[in-house]
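Undergrad:
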Amino acid sequence: MEVNVDRLPCGFLILDRDGRIMHLNQALADMLQMQAGEWQGMHIHDLLTRTSRIYYQTYFAPMVFVQKEVQELYLTLEKDGRGRVPVLANARMEGDRVHCTLLKMTVREEYERDILQAKHHAEEILEDTDEAYKQLQQVMTEYEQKRRELTALNENLHELSITDALTGLKNRRFLEEKIKQLLYSAENDEVPFSLILLDIDHFKKVNDHFGHAKGDEVLKALAQIFQRSSRGEDVAARMGGEEFMLLLPSTTGKEAALVAERICRDVEQHAWELTPITVSAGVTAYHVGDTAAGILSRVDDALYESKEAGRNRVSYSVL
Amino acid sequence: MGTRYQERNAAQVFGQGGSRVVLAHGFGTDQQVWFEIMPELSSHAEVMTFDYTGAGASDVSSYDPERYHSIKGYADDVLELLDELGWSEVLFVGHSVSGMIAAEAAIQRPELFRKIIMIGPSAHYLNDGNYYGGFDQHEIDELMQMMERNYKQWAQTLAPIAMANPERPELSEDFAERLTRNDALITRQFADVTFKLDMRERVKQLHVPVVILQAMEDIIAPVEAGEYLHQAIPDSSIFYLKGKGHNPHLSSPAEITKHIRHHLV
Chain A
490 MEVNVDRLPC GFLILDRDGR IMHLNQALAD MLQMQAGEWQ GMHIHDLLTR TSRIYYQTYF
550 APMVFVQKEV QELYLTLEKD GRGRVPVLAN ARMEGDRVHC TLLKMTVREE YERDILQAKH
610 HAEEILEDTD EAYKQLQQVM TEYEQKRREL TALNENLHEL SITDALTGLK NRRFLEEKIK
670 QLLYSAENDE VPFSLILLDI DHFKKVNDHF GHAKGDEVLK ALAQIFQRSS RGEDVAARMG
730 GEEFMLLLPS TTGKEAALVA ERICRDVEQH AWELTPITVS AGVTAYHVGD TAAGILSRVD
790 DALYESKEAG RNRVSYSVL
Chain B
160 MGTRYQERNA AQVFGQGGSR VVLAHGFGTD QQVWFEIMPE LSSHAEVMTF DYTGAGASDV
220 SSYDPERYHS IKGYADDVLE LLDELGWSEV LFVGHSVSGM IAAEAAIQRP ELFRKIIMIG
280 PSAHYLNDGN YYGGFDQHEI DELMQMMERN YKQWAQTLAP IAMANPERPE LSEDFAERLT
340 RNDALITRQF ADVTFKLDMR ERVKQLHVPV VILQAMEDII APVEAGEYLH QAIPDSSIFY
400 LKGKGHNPHL SSPAEITKHI RHHLV
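Going line by line, the protein sequences match chains A and B.
If you're matching positions, the first sequence starts at 490 in the working numbering and goes up one per residue.
If you're matching positions, the second sequence starts at 160 in the working numbering and goes up one per residue.
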């Protein structure tokens with residue numbers, strides 16, 4: 490049986506190597522509303538949109554020459570601006586000729602357009618998501634940065650709130666907290682602790698004679714001496730004015746008294762620029778049943794005793 | 160001497176003796192387009208073919224969108240290959256955008272090129288005032304859309320070739336799938352680079368002899384584009400081919416072979 494290509498239910502073309510049309514079947518002529526034989530002398534370009542021509546030249550032709558066949562290539566036909574027809578092209582090299590079937594896909598085109606639109610939409614969403622994610626990351630980084638700054642600031646504030654600005658020693662607030670802690674561990678774990686309260690002798694005179702700036706210098710120098718005398722666990726604090734306190738954890742009253750004696754000596758022997766400086770000290774140790782107020786009042790009494798006894802000395806107060 | 164770049168660009172050297180010839184494919188294709196020309200040419204010269212990074216059987220993992228966002232990246236491919244092979248004074252045959260890639264490479268390193276044959280070249284594909292490049296922007300946009308409709312079909316024909324490459328055992332099916340996906344992006348970027356290209360001023364600095372082979376009915380690179388290059392490039396000549404279309408090396412290989420042979424030493 491002889492097959493009549495004109496009656497095939499799809500477009501059929503034969504091209505030469507340069508793309509000139511050697512044959513064009515009736516189905517294709519109908520698709521493009523061409524007269525019989527109108528294709529004579531035409532080039533494949535004459536049946537393609539400009540874009541499809543570019544595509545034909547960059548993809549279709551190289552592929553059919555190299556691979557000898559092309560499958561399912563999407564092209565758009567157009568004849569003198571008449572009826573744009575989307576087609577799927579299959580082609581095969583037969584000797585020096587290219588045989589080419591063109592399957593009309595006007596309906597399928599609609600579906601594909603929808604799919605492409607959905608794809609583009611999905612891509613846009615993906616891009617937006619990526620962008621949002623990037624922004625979120627940025628916000629997170631900023632937040633983390635702020636949080637670190639805030640933490641540092643808080644630490645700084647906390648440090649300031651427990652530090653005596655002039656001497657750099659701890660302040661009364663910190664010391665009172667610390668006494669509470671030591672009382673707790675003394676009651677529960679029977680760990681002893683002691684206090685030394687120090688007061689500069691005749692400090693008012695220093696201020697009056699040399700001015701407050703010089704007085705401050707003395708306070709700072711004393712703070713350094715106290716700091717040097719304190720061990721790792723000890724806390725040296727300025728209670729206010731010319732009054733200082735040393736808190737000595739795990740230390741008996743006797744040991745504390747020795748520390749106080751040494752401090753008094755160190756202060757006395759320090760090479761003071763303006764005028765000799767001495768300190769008086771009171772010492773006490775934890776006793777069972779002590780309260781913070783009780784222990785502070787006792788060490789105050791001890792200091793008072795040193796002042797009364799002529800200053801520059803240490804008194805020890807027991808219950 | 161290493162082979163790193165030859166492997167990256169799946170370079171192959173055929174024949175020996177006489178002139179050294181480089182055949183460089185154009186946009187959307189790979190080195191297989193030279194199969195018709197190779198047998199005769201390689202019996203008269205030492206011929207190298209290769210795939211630009213991202214095309215054909217090249218190592219797709221070497222593709223860097225930063226590097227290949229202009230034709231300079233592709234020109235670097237050429238220079239790296241020539242340096243690695245120790246080739247200089249080559250006869251460079253570039254199809255389509257490869258003509259401009261060669262121009263860029265030869266402006267940078269003229270000593271590597273004895274002569275450049277450009278098949279269907281264009282310095283700028285878009286119409287611009289009095290300049291006729293052949294295309295309007297909306298046509299390029301449409302082309303991009305059409306590529307999107309077709310890239311899978313196109314990539315599938317390449318994957319099996321890449322898979323058959325025994326030097327690259329990593330080309331499992333997974334890899335082929337990744338390859339297909341990458342190809343779409345790479346092709347899109349290559350198209351972007353090609354159609355945004357504007358070498359109209361730059362080519363005036365090219366001082367290597369150039370032969371332009373201009374097909375009469377080339378819709379991609381119209382006669383006007385070839386003639387523009389002829390007047391812009393100081394040492395250039397233009398020949399009008401009998402073969403038609405943008406792929407005369409495929410449709411009329413004998414005529415192209417004859418031209419290339421004419422320029423062998």
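Ideal Cβ positions, reconstructed from N, Cα and C, are used throughout, including at glycine.
Roughly how many angstroms lie between the CA atoms of GLU794/A and ASP678/A, to the nearest whole one?
TA: Between GLU794/A and ASP678/A, the C-alpha separation is close to 31 Å.
Undergrad: Could you have a look at VAL252/B and say whether DSSP puts it in helix, strand or coil?
TA: DSSP places VAL252/B in strand when its eight states are reduced to three.
Undergrad: For the structure I just gave you, are there three or more beta carbon pairs, one from the region 552-569 of chain A and one from the region 507-525 of chain A, closer than 8 Å?
TA: Contact between the region 552-569 of chain A and the region 507-525 of chain A is present, because at least three Cβ pairs lie under 8 Å.
Undergrad: Would you mind working out which of PHE733/A, LEU708/A and THR773/A sits nearest ILE477/A, comparing C-alpha positions?
TA: This structure gives no information on residue 477/A, because the portion of chain A shown stretches from 490 to 808.
Undergrad: Between HIS647/A and chain B, is any beta-carbon pair separated by less than 8 Å?
TA: No, its Cβ sits nowhere closer than 8 Å to a Cβ of chain B.
Undergrad: Identify whether PHE334/B lies in helix, strand or coil by the three-state DSSP scheme.
TA: Note that PHE334/B scores a pLDDT of 42, beneath 50, so its modelled location is shaky and nothing firm can be said.
Undergrad: Opposite LEU672/A in the DSSP bridges: which residues?
TA: According to DSSP, LEU672/A bridges with nothing at all.
Undergrad: Is the Cβ of GLU298/B closer than 8 Å to any Cβ of chain A?
TA: Closer than 8 Å to some Cβ of chain A, the Cβ of GLU298/B qualifies, so yes.
Undergrad: If the criterion is Cβ atoms closer than 8 Å, does the pair THR595/A and VAL574/A meet it?
TA: Contact: yes.
Undergrad: Jot down the residue ranges of each uninterrupted alpha helix (DSSP H) in the region 623-686 of chain A, minimum 4 residues, whole runs only, in chain order.
TA: Taking only runs of at least 4 residues, the alpha helix (DSSP H) segments lying wholly in the region 623-686 of chain A are 661-678.
Undergrad: Terminal residues of the continuous alpha helix (DSSP H) containing SER410/B?
TA: Taken as a continuous stretch (DSSP letters only), the alpha helix (DSSP H) holding SER410/B covers 407-410.
Undergrad: Report the neighbours of GLU301/B on chain A: residues whose CB is nearer than 7 Å to its CB, in chain order.
TA: Under the 7 Å cutoff, chain A gives THR540.
Undergrad: Which partner residues of SER395/B appear in the DSSP bridge assignment?
TA: For SER395/B, which the question treats as bridged, DSSP gives the partners VAL369/B.
Undergrad: For the region 383-399 of chain B against the region 357-374 of chain B, are there 3 or more C-beta pairs whose distance is under 8 Å?
TA: The answer is yes - the region 357-374 of chain B touches the region 383-399 of chain B, with three or more Cβ pairs under 8 Å.
Undergrad: Would a check of beta-carbon distances place GLN171/B closer than 8 Å to chain A?
TA: Closer than 8 Å: no.
Undergrad: Against ARG586/A, what residues of chain B qualify as contacts under a CB-to-CB distance less than 8 Å, listed in chain order?
TA: Going along chain B, no residue has its Cβ under 8 Å from ARG586/A, so there is no contact; the nearest lies around 12 Å.
Undergrad: Can you name the residues of chain A whose CB is closer than 7 Å to the CB of THR188/B?
TA: Per Cβ cutoff of 7 Å: PRO551.
Undergrad: Cβ of GLY176/B less than 8 Å from any chain A Cβ?
TA: Chain A, which has no Cβ nearer than 8 Å to the Cβ of GLY176/B, makes this no.
Undergrad: So, are the CB atoms of ALA774/A and CYS753/A less than 8 Å apart?
TA: Result no, Cβ atoms of ALA774/A and CYS753/A do not sit closer than 8 Å.
Undergrad: For ASN514/A, count neighbouring Cβ atoms within 10 angstroms of its own Cβ and tell me buried if that reaches 16, exposed if not.
TA: The residue in question, ASN514/A, is buried, as its Cβ has 16 or more Cβ neighbours within 10 Å.
Undergrad: Cβ of PHE194/B less than 8 Å from any chain A Cβ?
TA: Closer than 8 Å: yes.
Undergrad: Determine the closest residue to ALA791/A out of ALA746/A, GLY778/A, VAL756/A and ASP755/A, with distance taken between C-alpha atoms.
TA: Cα-wise, what sits closest to ALA791/A is ALA746/A.
Undergrad: Along the region 504-522 of chain A, what residues have a CB closer than 9 Å to any CB found in chain B?
TA: Residues ASP505, ARG506, ASP507, GLY508 and ARG509.
Undergrad: Using a Cβ-Cβ distance cut-off of 8 Å, determine whether LEU625/A contacts chain B.
TA: Answer no: the Cβ-Cβ gap between LEU625/A and chain B never drops below 8 Å.
Undergrad: Using a Cβ-Cβ distance under 8 Å, would HIS456/A count as near chain B?
TA: Absent from the structure is residue 456/A, since the part of chain A shown begins at 490 and ends at 808.
Undergrad: Counting only C-beta atoms, is ARG308/B closer than 8 Å to chain A at any point?
TA: Taking Cβ atoms only, chain A reaches closer than 8 Å to ARG308/B, which makes this a yes.
Undergrad: Buried or exposed, going by whether 16 or more other CB atoms sit within 10 Å of the CB of PRO381/B?
TA: Burial call: buried.
Undergrad: Establish whether the CB of PHE554/A and some CB of chain B are separated by less than 8 Å.
TA: So yes, PHE554/A belongs to the interface.
Undergrad: If you draw a straight line from the alpha carbon of ASP755/A to that of ARG637/A, how long is it in whole angstroms?
TA: Cα-Cα distance, rounded: 43 Å.
Undergrad: Can you tell me whether DSSP reads CYS499/A as helix, strand or coil?
TA: CYS499/A falls in the coil class under three-state DSSP.
Undergrad: Kindly list the residues whose CB is nearer than 7 Å to the CB of ARG167/B, restricted to its own chain and excluding five residues on each side of it in sequence; keep chain order.
TA: Once the five neighbours on either side are set aside, the close Cβ partners of ARG167/B are THR212, SER217, ASP218 and SER221.
Undergrad: Taking the straight line between their C-alpha atoms, what separation do you get for LYS557/A and PRO551/A?
TA: The alpha-carbon atoms of LYS557/A and PRO551/A are separated by roughly 9 Å.
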